[in-house]
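In full-length UniProt numbering, the protein residues as written are 1 to 343.
Inspection log for the structure reproduced underneath, given as structure tokens.
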């Protein structure tokens with residue numbers, strides 16, 4: 001049985017860093033398909049020529065694979081004039097031994113004309129911009145965590161055991177002590193009482209033992225660089241968060257709704273959810289579809305009536321850790337015994 005032609009005129013685009021190869025597949029009433037291929041540069045001028053070429057051939061339905069970040073300039077140019085299906089590379093992978101740029105574009109077009117390509121979810125531009133900033137904020141937090149670990153390691157090799165006494169090495173009292181140590185690495189007999197606050201004053205004898213070490217000049221310089229970099233990252237993160245909050249004002253209602261969910265106390269956690277899944281839930285037929293898209297449910301693997309053991313997918317690399325962290329925190333919380341007792 002012949003496959004049904006869903007898109008009589010469509011285009012498959014093979015995306016690369018410096019060029020794209022486009023192949024228009026036109027199918028007539030008799031089911032005969034003719035192909036037109038063309039190569040364009042990825043400069044704006046070349047992509048505008050691609051848009052004009054598609055318009056001249058009356059092609060509105062486009063399919064391209066999401067190759068790194070290279071697909072984004074193409075998507076930006078064609079978004080307003082075409083219906084674009086963005087495909088994961090594994091769903092449009094060419095047959096082994098028959099892979100060239102031209103054949104890749106033709107293969108994508110052949111799959112797409114029969115509607116055999118599962119498109120990726122693409123939220124509106126405003127959500128994509130918010131998503132980009134939130135993901136960058138996530139990277140900055142990771143950078144800050146790395147600098148924290150480096151500072152702790154430098155203190156450890158210098159036999160400064162603050163981490164054994166304080167719960168947060170980057171707390172106010174700890175940073176005051178570290179700052180004093182860096183100003184004069186050879187002097188570890190200074191008065192600690194003016195530097196510590198609150199309950200830390202009860203731990204002065206332990207703190208005196210903890211700072212009884214030796215910081216070499218090289219380690220001292222390294223610690224200064226780490227500390228300065230950590231503080232700079234914190235400042236850049238604060239600047240970024242101001243921009244994020246400004247962009248998120250359009251979704252205040254949805255964010256406030258998410259904040260009513262147990263364990264969602266931080267507004268940036270709620271904004272992260274909005275930035276990943278958007279606010280229009282019509283794109284997900286059911287809640288189960290959303291969970292599957294986020295990579296929180298096992299995939300299907302059934303053969304001969306037997307279901308085999310499977311794992312969750314790798315999808316949702318940003319939203320999945322966030323949801324798992326929130327779920328873990330609420331399960332451990334005593335404020336929600338109905339959830340804690342169940343799980």
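Virtual Cβ for every residue (Gly too), placed ideally from N, Cα, C.
Just so it is clear, the structure is predicted and the values come from calculations on it, not from any experiment.
Exercise for the section: Closer than 6 Å by C-beta to residue 316: which residues in its own chain qualify, once you throw out the five before and the five after it? Chain order, please. Expected result: Residue 316 sits at position 316 when you count from the first residue of the chain shown. Setting aside the 5 residues that flank it on each side, residue 316 is surrounded in the same chain by 294 and 295, each with a C-beta closer than 6 Å to its C-beta; the list follows chain order.
Problem - Contained alpha helix (DSSP H) runs [length at least 4] in the segment 184-260, N- to C-terminal order - result: If we require 4 residues or more, the alpha helix (DSSP H) runs fully inside the segment 184-260 come out as 204-210, 217-247 and 252-258.
Handout entry: Residue nearest to residue 250 in terms of C-alpha spacing, selected from 65, 275, 217 and 174
Key = Counted from its first residue, the chain shown places residue 250 at position 250. With respect to the C-alpha of residue 250, the residue from 65, 275, 217 and 174 having the closest C-alpha is 275.
Handout entry: Straight-line Cα distance separating residue 131 from residue 242
Key = As a position in the chain shown, residue 242 is number 242, starting the count at 1. As a position in the chain shown, residue 131 is number 131, starting the count at 1. Take the alpha-carbon of residue 242 and the one of residue 131: they are about 15 Å apart.
Practice task
Give the C-beta separation of residue 236 and residue 140 to the nearest angstrom, bearing in mind that I take them to be a contact with Cβ-Cβ under 8 Å.
Solution key: As a working mapping, residue 236 is identified with position 236 in the chain shown. As a working mapping, residue 140 is identified with position 140 in the chain shown. Contact flag correct, Cβ pair sits at about 6 Å.
Practice task
State the beta-bridge partners of residue 14 as determined by DSSP.
Solution key: As a first step, residue 14 must be located in the chain shown, where it is residue number 14. In the DSSP assignment, residue 14 forms a beta bridge with 21.
Handout entry: Of the listed residues 84, 244 and 172, nearest to residue 272 (C-alpha basis)
Key = Here residue 272 refers to the residue found at position 272 of the chain shown. Looking at the Cα atoms, 244 is the closest of the given residues.
Exercise for the section: Quick one: grab the DSSP three-state call for residue 307. Expected result: Residue mapping note: residue 307 aligns to position 307 of the chain shown, counting from 1. Residue 307: strand per DSSP, three-state reduction.
Practice task
Go ahead and pull the three-state DSSP assignment for residue 83.
Solution key: Numbered from its first residue, the chain shown carries residue 83 at position 83. In the structure shown, residue 83 sits in a strand (DSSP, three-state: E or B).
Problem - Terminal residues of the alpha helix (DSSP H) in which residue 132 lies - result: In the chain shown, counting from the first residue as 1, residue 132 sits at position 132. From DSSP, the alpha helix (DSSP H) with residue 132 extends over 125-157.
Problem - Residue range of the unbroken beta strand (DSSP E) whose run includes residue 64 - result: Taking the first residue of the chain shown as 1, we reach residue 64 at position 64. For residue 64, the enclosing beta strand (DSSP E) starts and ends at 61-65.
Exercise for the section: Would you kindly work out how many angstroms separate the C-alpha atoms of residue 344 and residue 257, rounded to a whole number? Expected result: In the structure displayed, the chain extends from 1 to 343; residue 344 sits before or after that span and is not available.
Handout entry: Exposure label - residue 92; buried when at least 16 CB within 10 Å
Key = Looking up residue 92 in the chain shown gives position 92. Buried, since its Cβ has 16 or more Cβ neighbours within 10 Å.
Practice task
Return helix, strand or coil for residue 8, following the three-state DSSP convention.
Solution key: Along the chain shown, read from residue 1 onward, the residue named residue 8 stands at position 8. Under the three-state reduction of DSSP, residue 8 is assigned to coil, being neither helix nor strand.
Exercise for the section: Alpha carbon to alpha carbon, how far is residue 158 from residue 119? Give it in angstroms, no decimals. Expected result: Looking up residue 119 in the chain shown gives position 119. Looking up residue 158 in the chain shown gives position 158. Near 54 Å, if we compare the C-alpha coordinates of residue 158 and residue 119.
Handout entry: Separation of residue 225 from residue 56, as counted between CA atoms
Key = By one-based count along the chain shown, residue 56 stands at place 56. By one-based count along the chain shown, residue 225 stands at place 225. Using only the alpha carbons, I get a separation of about 58 Å.
Problem - Neighbourhood of residue 216 by C-beta distance below 6 Å, restricted to the same chain and skipping five residues each side - result: Here residue 216 refers to the residue found at position 216 of the chain shown. Result list for residue 216: empty, nothing under 6 Å.
Exercise for the section: Take every Cβ of the segment 105-125, pair it with every Cβ of the segment 166-183, and state whether three or more of those distances are shorter than 8 Å. Expected result: Contact between the segment 105-125 and the segment 166-183 is absent: fewer than three C-beta pairs spanning the two stretches fall below 8 Å.
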